[in-house]
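Start counting the sequence shown at 308; every next residue gets the next number (the working numbering).
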Amino acid sequence: MIPFDIALGYTSWNPIPFLVICGASYSMVASTLWPSLCLVVRDETMGSANGIATSIQMIGIGCSNLIVGALRDHFTYTQVMLYLACCATMATLMTVVCQFLDYKQQNCFLNVYVAMKKKAAAPAPSGTEKTPLLPDQGPETGVINENKETEDSKQE
């Protein structure tokens with residue numbers, strides 16, 4: 308996206324090839340962004356994660372449209388393309404920083420859930436149940452697990 312924005316803003320070349328590159332770039336972003344959420348978010352929270360990501364994306368698009376409109380009112384398209392190039396540069400830098408910090412901490416958090424999913428997909432030994440989403444909570448938290456009470460009453 309950075310070469311696209313700079314080429315359209317600072318040259319008088321034919322824009323058709325750059326628009327094709329732009330369309331391909333947007334397609335690649337969409338085809339990698341949304342499936343990658345599945346790799347870093349637990350299955351139980353996937354719907355919320357998609358909703359939050361969509362909301363943040365729409366807020367960014369709305370604010371960017373307002374900024375582009377204001378720039379176009381006071382400046383030329385060259386400044387608009389410079390703004391878009393700066394946005395693409397910041398996104399690239401933030402991605403590199405995020406990956407670097409993840410690698411530096413040596414826990415690879417961005418990829419840890421993939422290993423957890425593979426481990427969970429392994430067949431469980433017979434006679435065991437899946438781990439509950441919420442741990443058992445006792446009287447000290449004020450919440451009593453109803454299933455535990457019924458199990459205790461069955462044992463008596």
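For each residue, glycine too, the CB sits at the ideal point set by N, CA and C. What you are looking at is a predicted structure, and each value in this text was computed from that prediction instead of being measured.
message: Using the Cβ count rule (16 or more neighbours within 10 Å means buried), how would you classify Tyr384?
response: exposed
- prompt: Around the C-beta of Asp350, are 16 or more other C-beta atoms found within 10 angstroms, so that it is buried, or is it exposed?
  reply: exposed
- prompt: According to the Cβ coordinates, are Met388 and Tyr317 closer than 9 Å?
  reply: yes
- request: With DSSP as the reference, label Phe382 as helix, strand or coil.
  value: coil
- prompt: In terms of residues, what are the limits of the alpha helix (DSSP H) holding Val348?
  reply: From DSSP, Val348 is part of no alpha helix (DSSP H); its letter is neither H nor E.
- request: Starting from Pro310, follow the alpha helix (DSSP H) in both directions and report where the run begins and ends.
  value: 309 to 317
Met335 beta carbon less than 9 Å from that of Cys345: no
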